[in-house]
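When we follow my numbering, the leftmost residue of the sequence shown carries the number 6, and every step to the right adds one.
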Amino acid sequence: MKKIILAIMNLALVLGSFVTVRADAPVDEATDGDAEAVVETTAPAGENDALAIQSKSVLLMELESGTVLYEKNADEMLRPASVTKVMTLLLIFEALERGDIALDDTVVVTEHAASMGGSQCFFEAGEEQTVQDMIKCIEVASGNDAAVAMAEHLAGSEAAFVQKMNERAKELGMEHTHFDNACGLEVETHLTSARDIAIMSRQLLLYHPDILTYSTIWMDSITHKTRRGESQFDLANTNKFLNLYTGANGLKTGYTSQAKYCMSATATRDGVTLIAVVMGAETKEIRNSEAMKLLDYGFARCRPYVDTEVVPEDLQIPVQKGTCKSVTVKPVEQHTITLVATNPDQIEKQVIAYENLKAPIQEGGAVGVVQYSCNGTCISEVILYAERSVPKLDLKYSLSEIAGRIFMAK
6 MKKIILAIMN LALVLGSFVT VRADAPVDEA TDGDAEAVVE TTAPAGENDA
56 LAIQSKSVLL MELESGTVLY EKNADEMLRP ASVTKVMTLL LIFEALERGD
106 IALDDTVVVT EHAASMGGSQ CFFEAGEEQT VQDMIKCIEV ASGNDAAVAM
156 AEHLAGSEAA FVQKMNERAK ELGMEHTHFD NACGLEVETH LTSARDIAIM
206 SRQLLLYHPD ILTYSTIWMD SITHKTRRGE SQFDLANTNK FLNLYTGANG
256 LKTGYTSQAK YCMSATATRD GVTLIAVVMG AETKEIRNSE AMKLLDYGFA
306 RCRPYVDTEV VPEDLQIPVQ KGTCKSVTVK PVEQHTITLV ATNPDQIEKQ
356 VIAYENLKAP IQEGGAVGVV QYSCNGTCIS EVILYAERSV PKLDLKYSLS
406 EIAGRIFMAK
């Protein structure tokens with residue numbers, strides 16, 4: 006998205022010298038379809054690597070900014086095992102957001118879905134479950150049968166769903182990924198990278214934080230409903246990391262004999278969320294230990310910065326061709342930014358009005374942004390919204406204004 010910032014000197018009388026104008030007002034970033042591209046790595050693994058990572062590939066990313074704090078062989082294409090299901094879940098949550106499906110919709114398990122091996126919830130062909138329970142089965146128990154059942158429910162067939170997975174991966178800039186199935190079972194060409202896993206994990210967490218409601222479930226159960234009657238099936242979270250690391254809240258584990266032990270581990274401390282991807286660990290102990298190392302490394306370098314006065318009180322943004330020449334911005338209580346190896350004194354803040362903002366302006370409409378930068382790079386933005394509507398200046402309004410002034414002059 007093009008972002009052009011133009012300094013308009015004559016706005017100083019209205020807005021103060023800290024305000025500039027931006028051309029091409031962007032879409033509201035809170036509802037934008039994709040997270041912005043990740044920031045360059047700050048600490049690649051080297052010969053004197055203090056973390057001594059043994060796994061084939063790892064990457065550590067800060068959620069909010071997408072900054073990569075550490076990586077090792079992050080673009081190597083490897084087998085992801087059940088970490089594949091991060092993309093499956095992303096497509097499910099995006100379908101929920103669009104209204105294509107609902108949590109209480111019924112999913113019918115097909116013969117194909119029921120035939121999945123590996124980690125499963127032992128569904129029978131013809132069995133019915135809700136979308137919500139299927140999400141639990143995928144996220145908590147890593148059910149391959151549940152993942153394929155949802156794939157078929159969303160796209161008509163697993164093959165059609167896999168095509169959507171690959172299309173979405175391309176849209177997100179996942180350049181080292183090719184999916185062959187919805188669950189992560191072994192296929193020679195079913196590959197992805199630590200960087201790409203971090204990208205899709207970030208997309209899921211940023212825009213669908215409800216996933217944490219499921220990823221933090223330790224124990225739960227579903228009810229099998231078959232021709233033989235009903236029976237309870239217990240779900241135990243495959244992600245034991247949740248109980249090993251303070252602040253751990255997700256996201257997905259994986260294992261096959263060829264992929265070895267993999268994980269997209271997420272944790273939040275003091276408002277900072279990190280994503281640690283581990284691929285190709287020889288044992289689950291190594292996988293968990295190295296995820297801990299990565300997260301400890303990241304939390305030692307990240308801290309929240311809170312701006313308690315985002316905009317001045319009664320800030321006015323100029324409006325053209327309206328019944329008034331400016332509109333007041335809705336107050337913003339505070340804004341928190343995760344700083345990655347950055348001194349708060351290095352942060353610069355600028356209020357930016359959208360260029361050529363013309364009436365009519367609706368109450369709650371976007372009129373500008375507050376931009377936070379460090380060393381010339383934007384690290385965060387807060388969208389500013391109009392506190393009231395500004396009607397368009399037309400002949401009827403102009404005549405009524407003239408009439409009012411004449412009446413007041415008498």
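For glycine and all other residues, C-beta sits at the position ideal for the given N, C-alpha and C.
7 angstroms CB neighbourhood of residue i in its chain, flanking five on each side removed
i, result
"C142", "C126, G148, A151, I227 and L240"
"L177", "D39, I204, M205 and Q208"
"A130", "V114, T115, E116 and A119"
"I384", "S70, I342, Y377 and S378"
"E34", "Reliability of the predicted coordinates at E34 is poor, the pLDDT of 36 falling under 50, and no value is obtained from them."
"M139", "V112, A151, A154 and M155"
"K169", "L96 and A160"
"V19", "At V19 the pLDDT is 32, less than 50, meaning the model places this residue with poor confidence; the figure from the coordinates comes in the next sentence. The residues are Q321, P323 and S331."
"C329", "V395"
"T273", "G252 and N254"
"K422", "There is simply no residue 422 to check, as the chain begins at 6 and stops at 415 in what is shown."
"Q351", "C379 and N380"
"N293", "F246 and L249"
Sub-8 angstroms separation of residue i and residue j beta-carbons
i, j, result
"T333", "D319", "yes"
"E76", "K230", "no"
"G303", "V88", "no"
"A107", "V136", "yes"
"L417", "L300", "In this structure the chain extends from 6 to 415, so residue 417 is not present and cannot be described."
"M268", "F238", "no"
"A146", "T243", "yes"
"T261", "E163", "no"
"R306", "L101", "no"
Whole-angstrom distance between residue j and residue i, CA atom to CA atom
i, j, result
"D37", "A203", "With a pLDDT of only 46 at D37, under the threshold of 50, the placement of this residue in the model should not be trusted; the figure read from the coordinates follows. Going from the Cα of D37 to the Cα of A203 covers about 19 angstroms."
"V395", "Q355", "24 angstroms"
"E157", "Q134", "13 angstroms"
"A57", "K265", "19 angstroms"
"G381", "I322", "24 angstroms"
"A55", "E81", "21 angstroms"
"L211", "Y250", "21 angstroms"
"R393", "G373", "14 angstroms"
"N186", "S236", "29 angstroms"
"G122", "G189", "11 angstroms"
"A180", "A79", "The sequence given here places Glu at residue 180; Ala does not occur at that position. Cα to Cα, the separation comes out at about 11 angstroms."
"Q263", "E193", "10 angstroms"
"R233", "D225", "22 angstroms"
"A349", "K289", "The sequence given here has Pro at residue 349, not Ala. If I take the Cα positions, the gap works out to 38 angstroms."
"G335", "D201", "The displayed chain sequence assigns Lys, not Gly, to residue 335. Each residue's alpha carbon lies about 38 angstroms from the other."
heavy atom of the ligand GTP below 7 angstroms from residue i C-beta
i, result
"L210", "Although the ligand GTP was asked about, the structure shown includes no ligands whatsoever."
Cutoff 8 angstroms; reference residue i; Cβ partners in own chain excluding five residues on either side
i, result
"P309", "D275, G276, V277, T341, I342, T343 and L344"
"E144", "K90, L94, I216, Y219, S220, I222 and K257"
"K326", "K363, A364, K397 and L398"
"F184", "T89, M92, V167, M170, N171, A174, H195 and T197"
"V375", "V315, V316, V337, H340, K354, Q355, V356, I357, E386, V387 and L389"
"D105", "L159"
"I366", "V324, G327, V332, V372, A391, S394 and V395"
"S124", "S87, A146, S147, G148, N149 and T243"
Own chain partners of residue i with C-beta closer than 6 angstroms, once the 5 adjacent residues on each side are dropped
i, result
"S60", "V283, G285, A286 and E295"
"T197", "P85 and T182"
"S110", "The residue asked about is misnamed: residue 110 is Asp in this sequence, not Ser. So the qualifying residues of the chain are V136."
"H213", "F98"
"T271", "N254, G255, L256 and I280"
"K291", "According to the sequence shown, residue 291 is Ile rather than Lys. These residues qualify, in order along the chain: Q59."
"F128", "V114, A119 and D150"
"T347", "C379"
"R103", "none"
Cβ distance (whole Å) where residue i is taken to contact residue j below 8 angstroms
i, j, result
"A199", "V91", "Actually they are not in contact, since the Cβ atoms of A199 and V91 sit about 12 angstroms apart, beyond 8 angstroms."
"A391", "E368", "6 angstroms"
"L65", "A281", "5 angstroms"
Neighbour flag for residue i against chain B, beta carbons, 8 angstroms
i, result
"M155", "The chain inventory of the structure shown lacks chain B, comprising one protein chain alone."
**Secondary structure, alpha helix (DSSP H): runs of 4+ residues fully inside the segment 48 to 112** = With a minimum length of 4 residues, the continuous alpha helix (DSSP H) runs that stay inside the segment 48 to 112 are 90 to 103.
**Request:** Tell me the start and end of each unbroken beta strand (DSSP E) in the segment 277 to 302 that is at least 3 residues and wholly inside, in chain order.
**Result:** Complete beta strand (DSSP E) runs here, min 3: 277 to 286.
**Request:** Kindly provide the ranges of any alpha helix (DSSP H) runs that are 4 or more residues long and lie completely inside the segment 194 to 244, ordered along the chain.
**Result:** Entirely contained in the segment 194 to 244, the alpha helix (DSSP H) runs reaching 4 residues are, in chain order, 199 to 212 and 216 to 220.
**Request:** May I have a chain-ordered list of the alpha helix (DSSP H) segments no shorter than 4 residues that lie completely inside the segment 335 to 370?
**Result:** None, since the segment 335 to 370 contains no complete alpha helix (DSSP H) of that length.
**Message:** Threshold first: 4 residues or longer. Then list the alpha helix (DSSP H) segments lying entirely within the segment 112 to 145, N to C.
**Reply:** Within the segment 112 to 145, the complete alpha helix (DSSP H) runs of at least 4 residues are 116 to 119 and 136 to 144.
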